[in-house]
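**Q**
Protein chains: 2
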Amino acid sequence: MPQPDPTVPATSDVRMKGFARRVRVEQAWDWLASQLRPLPTETVALHEAWGRVLSESIVSAVDVPGFPRAMMDGYAVVAADTEGATAYNPLPLQVVDVSLPGAPAHQALTAGQAIRIMTGAPVPQGADAVLPVERVTVETEQILVQDAVARGKHIGPQGEDIVQGHALLPAGRQLRPQDVGVLSSTGNAELPVVRRPRVRVVVTGNELLPAGAMPAGYQIVDANGPMLQALIARDGGIGFQRGIVEDTPQAILAAMQDDADIILVSGGSSVGEEDHAPTLLREHGELAIHGIAMRPSSPAGMGRLGDRLVFLLPGNPVSCLCAYDFFAGRAIRALGGRATNWPYREITATLSRKLVSAVGRVDYARVRQTGDQVEPLAISGASVLSSTTRADGFVIIPQDSEGYPAGATVQVMLYDETPHTTTPTA
Amino acid sequence: MPQPDPTVPATSDVRMKGFARRVRVEQAWDWLASQLRPLPTETVALHEAWGRVLSESIVSAVDVPGFPRAMMDGYAVVAADTEGATAYNPLPLQVVDVSLPGAPAHQALTAGQAIRIMTGAPVPQGADAVLPVERVTVETEQILVQDAVARGKHIGPQGEDIVQGHALLPAGRQLRPQDVGVLSSTGNAELPVVRRPRVRVVVTGNELLPAGAMPAGYQIVDANGPMLQALIARDGGIGFQRGIVEDTPQAILAAMQDDADIILVSGGSSVGEEDHAPTLLREHGELAIHGIAMRPSSPAGMGRLGDRLVFLLPGNPVSCLCAYDFFAGRAIRALGGRATNWPYREITATLSRKLVSAVGRVDYARVRQTGDQVEPLAISGASVLSSTTRADGFVIIPQDSEGYPAGATVQVMLYDETPHTTTPTA
Chain A
1 MPQPDPTVPA TSDVRMKGFA RRVRVEQAWD WLASQLRPLP TETVALHEAW
51 GRVLSESIVS AVDVPGFPRA MMDGYAVVAA DTEGATAYNP LPLQVVDVSL
101 PGAPAHQALT AGQAIRIMTG APVPQGADAV LPVERVTVET EQILVQDAVA
151 RGKHIGPQGE DIVQGHALLP AGRQLRPQDV GVLSSTGNAE LPVVRRPRVR
201 VVVTGNELLP AGAMPAGYQI VDANGPMLQA LIARDGGIGF QRGIVEDTPQ
251 AILAAMQDDA DIILVSGGSS VGEEDHAPTL LREHGELAIH GIAMRPSSPA
301 GMGRLGDRLV FLLPGNPVSC LCAYDFFAGR AIRALGGRAT NWPYREITAT
351 LSRKLVSAVG RVDYARVRQT GDQVEPLAIS GASVLSSTTR ADGFVIIPQD
401 SEGYPAGATV QVMLYDETPH TTTPTA
Chain B
427 MPQPDPTVPA TSDVRMKGFA RRVRVEQAWD WLASQLRPLP TETVALHEAW
477 GRVLSESIVS AVDVPGFPRA MMDGYAVVAA DTEGATAYNP LPLQVVDVSL
527 PGAPAHQALT AGQAIRIMTG APVPQGADAV LPVERVTVET EQILVQDAVA
577 RGKHIGPQGE DIVQGHALLP AGRQLRPQDV GVLSSTGNAE LPVVRRPRVR
627 VVVTGNELLP AGAMPAGYQI VDANGPMLQA LIARDGGIGF QRGIVEDTPQ
677 AILAAMQDDA DIILVSGGSS VGEEDHAPTL LREHGELAIH GIAMRPSSPA
727 GMGRLGDRLV FLLPGNPVSC LCAYDFFAGR AIRALGGRAT NWPYREITAT
777 LSRKLVSAVG RVDYARVRQT GDQVEPLAIS GASVLSSTTR ADGFVIIPQD
827 SEGYPAGATV QVMLYDETPH TTTPTA
């Protein structure tokens, strides 16, 4: 049953403990949308432009090509000179010069003459057609034309590819490899693009050792920091972390005031005594959303601290991943000028077993793919990150649904559709 | 009509000029498949591992967590002590200690006692259940238990997430963000991954100015170099180019002998006098494939020079893109340990206009998407790179097809499914 009210009363569901109200996912998205504007422009060199988002539309300053060029290897001719030529009635033309790519002929062409020309070479003045090499017999200083050629034939006109003054690519375009090629051919050494968001990762938890350490005693090793860094990179942000932050209000507040566009706080996001970040955000900035009707990730929040957007992500790693994907990733993409939609490939599949949810919350259910079917993973807690490495993707069960029976058709987001790429080297 | 013969006689199609035989695309793929082995392993730091391909399977050296932990905030108890407790018959337990994440209790628990515990904290010795805080009344030094709790309840056992000695991730896995998290939590500071292929881009053509220049006179600016660099990065290679290579056999041979796993030569790939690269490859190495039954890109080739795989890509930029995507990109992905399939999102769409091809060649047709329909772009030559920026994707028309009528259902590869990402920063 749909819930018209944007919040849902807290239930005895222990995961929801402590939150008087839980905001609907859609309401959190609405607040977020009101906060998201692309960052200002910056200039990047052409060789760094791939994948960046144009902040302005690009108009070509030049014609490409800047001159008429041959589309075939052959002979530049005056088309009228070839009228009536056949294999039985070959017509002679005197070869007076050659035009190569980058090395045009030294002279113009007049009636009765031909200039040898290669594909891509400038068509000499006076010529109005290119006769393919297959249609002539080559003699020492002349050719015998065996076929008539029409005016303009096998000539690529000036501006055939790109016309000066025409719009090449619109603002908001995420540049593809071929876009970079076109921008290079039109003489762009630098490009105006949306600045990439700087994202500070604040990992808290006195039980945590930094990534790279071995777990020891009652200390566990930070999984969220490295995972978030990879997610941020995927979404076009510049992530940085500064070790594990001490679990004190002072240390967390200082970290949340770092030089960044977006702050991600991992851990201490709920309403317990030791959950400092929500309190700090309420006191020093704005805690706009806290407690969301979803599973996992219900103890997530978001707000602002000065110019920074702040996301409070639960410390449990599955919750952290889920809250990142629902909210923080979307913000990083939007600030960088990208689309906010899910960065996963979506497929339609059939459920092999039923998938249970509860009305009143959105569920993020990990599934495994086998052919056209997907199987829900055995229910595992938000603390079991390895459930997301065994899964091939996830199904989102909307708030007004109790889940789906076996055999139902569902939309699945696949985790694996994120090719890894790096800035091209020059 | 299918062609049983792997080669097709040259036709009068002028694009095929000069090639005595054209190899079928599938035959070129077969040769290529015989040459592709993942590169040797190298070690990378955890924070550089995202998107890399594991060269060995990873077994966990530890249990995660390494101890039983509380899944709720509450009290660690002996379950038997709570038997019979109700709101009307609360049972008292003495609170003797506290267990926090990373800060375990100092003492073991005995009958009649409770230890305050937070989610994620180690369960003290002697305790066999966690009683949620909602089910007790808290007094000064004791709690009143209002509900019985079963043995093992709200305790996450040691190894709940990951069991020591179990396989975490298989060889060949391209690491996802959550994989990096799991590898961090199991204490992996470094990982064995497939080395990324080094790819030298050799751009030839006396008419070319380097990327970043303005076109001038009869000089045009290199589009293929920057485009190839972006494609290589997308496919996980390390691309590098050293300016424009002089169009002489000496210069091209030297460039083809650069320190790289793969050489991409752009330009001079056909059979003309000025096409040096195929001749050089035949003389100094192996020219395995030259001339392919496809459009564009028929004057493409591939072979080996020493340990290097060499791809001869036509200079026309659309042909260059097409030959890269059909052959070179696939090789780069395979050497880096990735899947060789197309790196594009594939959709099913309806043709709004007919799409004409010819039996005997594979066609790479650029299309524009509008809703569920795709429209073939007006036919434009292989020299018009902007056709690939106006297109949303492409349709591959198989060799045995004459094309498709309007209204036909076709598979479309979308150009835009290549999120840009960069190596995460630490």
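Each protein sequence line maps, in turn, to chains A and B.
Going by my numbering, the first sequence runs without a break in its numbering and finishes at 426.
Going by my numbering, the second sequence runs without a break in its numbering and finishes at 852.
Cβ atoms here follow ideal geometry from the backbone N, Cα and C, with glycine treated the same way.
Counting contacts by CB-CB distance shorter than 8 Å, is His-473 (chain B) in contact with chain E?
**A** Absence of chain E from the displayed structure is noted, the protein chains being A and B.
**Q** For the beta strand (DSSP E) containing Ser-99 (chain A), name the first residue and the last one.
**A** 91–99 is the span of the beta strand (DSSP E), which, as asked, contains Ser-99 (chain A).
**Q** Let me confirm a value: Tyr-514 (chain B) is counted as buried when at least 16 other C-beta atoms fall within 10 Å, else exposed. Which label applies?
**A** Looking at its Cβ environment, which holds fewer than 16 other Cβ atoms inside 10 Å, Tyr-514 (chain B) is exposed.
**Q** What three-state label does DSSP hand Asp-363 (chain A) in the structure shown?
**A** Of the three classes helix, strand and coil, the one that applies to Asp-363 (chain A) here is strand, per DSSP.
**Q** What residue range is occupied by the uninterrupted alpha helix (DSSP H) comprising His-580 (chain B)?
**A** Looking at the DSSP string, His-580 (chain B) is not in any alpha helix (DSSP H), and its letter there is neither H nor E.
**Q** If we define contact as Cβ-Cβ less than 8 Å, is Ala-10 (chain A) a contact residue for chain B?
**A** Any reading at Ala-10 (chain A) needs caution, since the residue's pLDDT is 36, under 50, leaving its predicted position unreliable; the model's value is listed next. Not an interface residue.
**Q** When you compare only the Cα positions, how much space is there between Val-627 (chain B) and Gly-172 (chain A)?
**A** Cα-Cα distance, rounded: 29 Å.
**Q** So is Arg-577 (chain B) buried or exposed if we call it buried at 16+ other beta carbons inside 10 Å?
**A** Classification of Arg-577 (chain B): exposed, given that the 10 Å Cβ count is below 16.
**Q** Tell me, please, whether the CB atom of Ala-20 (chain A) is closer than 8 Å to any CB atom in chain B?
**A** Not an interface residue.
**Q** What distance in whole Å lies between the Cβ atoms of Gln-795 (chain B) and Asp-818 (chain B), which are believed to be in contact at a cut-off of 8 Å?
**A** Rounded, the Cβ-Cβ distance is 4 Å, consistent with contact.
**Q** Starting from Leu-634 (chain B), follow its DSSP beta bridges and name the residues at the other end.
**A** Its beta-bridge partners are B:Ile-646.
**Q** Check the Cβ-Cβ distances between Thr-467 (chain B) and every residue of chain A, and say whether any is below 8 Å.
**A** No, its Cβ sits nowhere closer than 8 Å to a Cβ of chain A.
**Q** Can you check DSSP and say which residues form a bridge with Thr-467 (chain B)?
**A** Answer is B:Val-620, bridged to Thr-467 (chain B).
**Q** With DSSP run on the structure shown, which of helix, strand or coil describes Phe-327 (chain A)?
**A** Helix at Phe-327 (chain A).
**Q** Just grab the DSSP bridge partners of Pro-170 (chain A) for me.
**A** DSSP output for Pro-170 (chain A) lists no bridge partner at all.
**Q** What does the alpha-carbon distance come out to for the pair Ala-349 (chain A) and Gln-411 (chain A)?
**A** Rounded to the nearest angstrom, the two C-alpha atoms are 6 Å apart.
**Q** Could you name the residues that DSSP lists as bridge partners for His-290 (chain A)?
**A** Paired residues: A:Gly-301.
**Q** Three Cβ pairs or more, each shorter than 8 Å: is that satisfied between the stretch 476–486 of chain B and the stretch 534–549 of chain B?
**A** Touching, no, given that fewer than three Cβ pairs across the two stretches are closer than 8 Å.
**Q** Closer than 7 Å by beta-carbon distance: list the chain A residues that pair up with Gln-405 (chain B), in chain order.
**A** An answer regarding residue 405 (chain B) cannot be provided, because it is not within the stretch 427 to 852 covered by chain B.
**Q** Looking at the secondary structure, which residues open and close the beta strand (DSSP E) in which Gly-665 (chain B) lies?
**A** Unbroken beta strand (DSSP E) run through Gly-665 (chain B): 664–671.
**Q** Going by the CB atoms, is the gap between Ala-808 (chain B) and Val-744 (chain B) shorter than 8 Å?
**A** Contact flag set, yes.
**Q** Go to Gln-35 (chain A), then tell me how far its alpha helix (DSSP H) extends in each direction, as first and last residue.
**A** 25–35 is the span of the alpha helix (DSSP H), which, as asked, contains Gln-35 (chain A).
**Q** At the 8 Å Cβ level, is Arg-176 (chain A) part of the contact set with chain B, yes or no?
**A** By this cut-off, Arg-176 (chain A) is an interface position.
**Q** Looking at chain A, which residues of the stretch 591–618 of chain B have a Cβ within less than 7 Å of any of its Cβ atoms?
**A** So the close ones are Leu-595, Gln-600, Arg-602, Pro-603, Gln-604, Asp-605, Val-606, Gly-607, Val-608, Ser-610, Ser-611, Gly-613, Ala-615.
**Q** Along the chain, where does the alpha helix (DSSP H) containing Thr-815 (chain B) start, and where does it finish?
**A** Its alpha helix (DSSP H) spans residues 812–816.
**Q** With H, G and I counted as helix, E and B as strand and the rest as coil, what does DSSP make of Gln-709 (chain B)?
**A** The sequence shown places Glu at residue 709 (chain B), not Gln. Helix.
**Q** Within its chain, find whatever has a CB closer than 7 Å to the CB of His-716 (chain B); leave out the 5 residues flanking it on each side and keep chain order.
**A** Closer than 7 Å at the Cβ level, and outside the excluded window around His-716 (chain B), lie Pro-704, Gly-727.
**Q** Which first and last residues belong to the beta strand (DSSP E) in which Gln-799 (chain B) is found?
**A** 799–802 is the extent of the beta strand (DSSP E) around Gln-799 (chain B).
**Q** Taking 8 Å as the CB-CB limit, is Ile-162 (chain A) close to chain B?
**A** Yes, because at least one Cβ of chain B sits closer than 8 Å to the Cβ of Ile-162 (chain A).
**Q** Alpha carbons only, please: which of B:Arg-756, B:Gly-694, B:Val-821 is nearest the one belonging to Thr-674 (chain B)?
**A** Out of B:Arg-756, B:Gly-694, B:Val-821, B:Gly-694 has the C-alpha closest to the C-alpha of Thr-674 (chain B).
**Q** Assign Thr-835 (chain B) to one of two classes, buried (16 or more other C-beta atoms within 10 Å of its C-beta) or exposed (fewer than that).
**A** Counting Cβ neighbours within 10 Å, Thr-835 (chain B) comes out exposed, since fewer than 16 surround it.
**Q** Taking Gly-393 (chain A) as part of the beta strand (DSSP E), name the residues at either end of that continuous run.
**A** 393–397 is the extent of the beta strand (DSSP E) around Gly-393 (chain A).
**Q** Which two residues bound the contiguous beta strand (DSSP E) that contains Ala-775 (chain B)?
**A** Per DSSP, Ala-775 (chain B) belongs to the beta strand (DSSP E) from 771–777.
**Q** Which residues of chain B have a Cβ atom closer than 7 Å to the Cβ of Phe-67 (chain A), listed in chain order?
**A** The answer, in chain order, is Tyr-644.
**Q** Please list, in chain order, the chain B residues whose beta carbon lies closer than 8 Å to that of Val-62 (chain A).
**A** Neighbours of Val-62 (chain A) on chain B, chain order: Met-640, Pro-641.
**Q** Considering only residues of the same chain and omitting the five flanking positions on each side of Gly-585 (chain B), which have a CB-CB separation below 6 Å?
**A** Asp-489.
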